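**Q** Residue numbers (this note's numbering): 22 to 207.
All C-beta atoms in this analysis are idealised placements derived from N, C-alpha and C, irrespective of residue type, glycine included.
Computed from a predicted model, the values in this text were never measured in an experiment.
So that we are looking at the same thing, I have put the structure below in structure tokens.
Rendered as structure tokens:
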């Protein structure tokens, strides 16, 4: 019985609410002031490299299309030189296009065009040769058919000749043939 009296007391005490506590937020004060990094740090030095098509070394079934790759040549670091108060200009990559690289690209394009032209000419020559060989194979097959027909005709003629020869031998007895006389002049 006492346990039954304690049960509602425990359940009802869980429903009691307490007044909310007030939270006071202090305004944030900056610990430092913003400073320009000129003269304090060297910037990253990046280079762009153009890579053509290549097969992935880890998976030979994967081919990468040509794309640029960016490499950090020198990472950002602190300027530890004493007394350097002169603001430094940020180092950047050279963006001027080199005439020699453009010439190299043009030369490579011309070389590829010449190779393509030579490949096209070789393809045309091979196609012509294949056509000629196809015609020669057709002629050879026709000649083989004619040759086979001629062999059959020769075999039939030989059979006919042997049959006629056998008939001729049967009609003429061997004793009835006159012996040549020495007076006959051939």
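If we ignore side chains and look at the alpha-carbon of each, how far apart do residue 86 and residue 74 end up?
**A** Your numbering for residue 86 matches position 65 in the chain shown. Your numbering for residue 74 matches position 53 in the chain shown. If I take the Cα positions, the gap works out to 5 Å.
**Q** What does the alpha-carbon distance come out to for the pair residue 147 and residue 130?
**A** Translated into the one-based positions of the chain shown, residue 147 becomes position 126. Translated into the one-based positions of the chain shown, residue 130 becomes position 109. Going from the Cα of residue 147 to the Cα of residue 130 covers about 25 Å.
**Q** Let's see if you can read the secondary structure: which residues bound the beta strand (DSSP E) around residue 89?
**A** Position 68 of the chain shown, counting from 1, holds the residue named residue 89. Here the beta strand (DSSP E) through residue 89 covers 88-95.
**Q** Is it the case that the Cβ atoms of residue 97 and residue 59 are separated by a distance below 9 Å?
**A** Here residue 97 refers to the residue found at position 76 when the chain shown is read from its first residue. Here residue 59 refers to the residue found at position 38 when the chain shown is read from its first residue. Not closer than 9 Å, so no.
**Q** Under the DSSP definition of a beta bridge, which residues are partnered with residue 76?
**A** Here residue 76 corresponds to residue number 55 of the chain shown, with the count starting at 1. DSSP output for residue 76 lists 84 as bridge partner(s).
**Q** CA-CA distance, residue 143 and residue 165?
**A** Counting from one through the chain shown, the residue named residue 143 turns up at place 122. Counting from one through the chain shown, the residue named residue 165 turns up at place 144. Distance between the alpha carbons of residue 143 and residue 165: 32 Å.
**Q** If you draw a straight line from the alpha carbon of residue 183 to that of residue 161, how long is it in whole angstroms?
**A** Position 162 of the chain shown, counted from the start, is the residue given in the question as residue 183. Position 140 of the chain shown, counted from the start, is the residue given in the question as residue 161. Each residue's Cα considered, the two are about 32 Å apart.
**Q** With a CB to CB cut of under 6 Å and the five nearest residues on each side skipped, what residues in its chain are close to residue 94?
**A** Your numbering for residue 94 matches position 73 in the chain shown. Only 66 and 68 meet the Cβ criterion.
**Q** Please report the straight-line C-alpha distance between residue 84 and residue 100, rounded to a whole angstrom.
**A** As a first step, residue 84 is located in the chain shown; it is residue number 63 there, counting from the start. As a first step, residue 100 is located in the chain shown; it is residue number 79 there, counting from the start. Spanning the two alpha carbons is a distance of roughly 43 Å.
**Q** Report the rounded CA-to-CA distance for residue 163 versus residue 178, giving the unit in angstroms.
**A** Stepping through the chain shown from its first residue, residue 163 is reached at position 142. Stepping through the chain shown from its first residue, residue 178 is reached at position 157. Going from the Cα of residue 163 to the Cα of residue 178 covers about 23 Å.
**Q** Could you pull out every residue in the same chain whose Cβ sits closer than 7 Å to the Cβ of residue 159, ignoring the five residues on either side in sequence?
**A** Position 138 of the chain shown, counted from the start, is the residue given in the question as residue 159. Excluding residues within five positions, none has a Cβ falling inside 7 Å.
**Q** Could you check what DSSP says for residue 71 in three-state terms: helix, strand or coil?
**A** Translated into the one-based positions of the chain shown, residue 71 becomes position 50. If DSSP states are grouped into helix, strand and coil, residue 71 belongs with the strands.
**Q** Going along the chain, which residues of its own chain have a beta-carbon closer than 8 Å to the beta-carbon of residue 77, five neighbours each way excluded?
**A** Residue mapping note: residue 77 aligns to position 56 of the chain shown, counting from 1. Closer than 8 Å at Cβ, skipping near neighbours: 83, 84 and 85.
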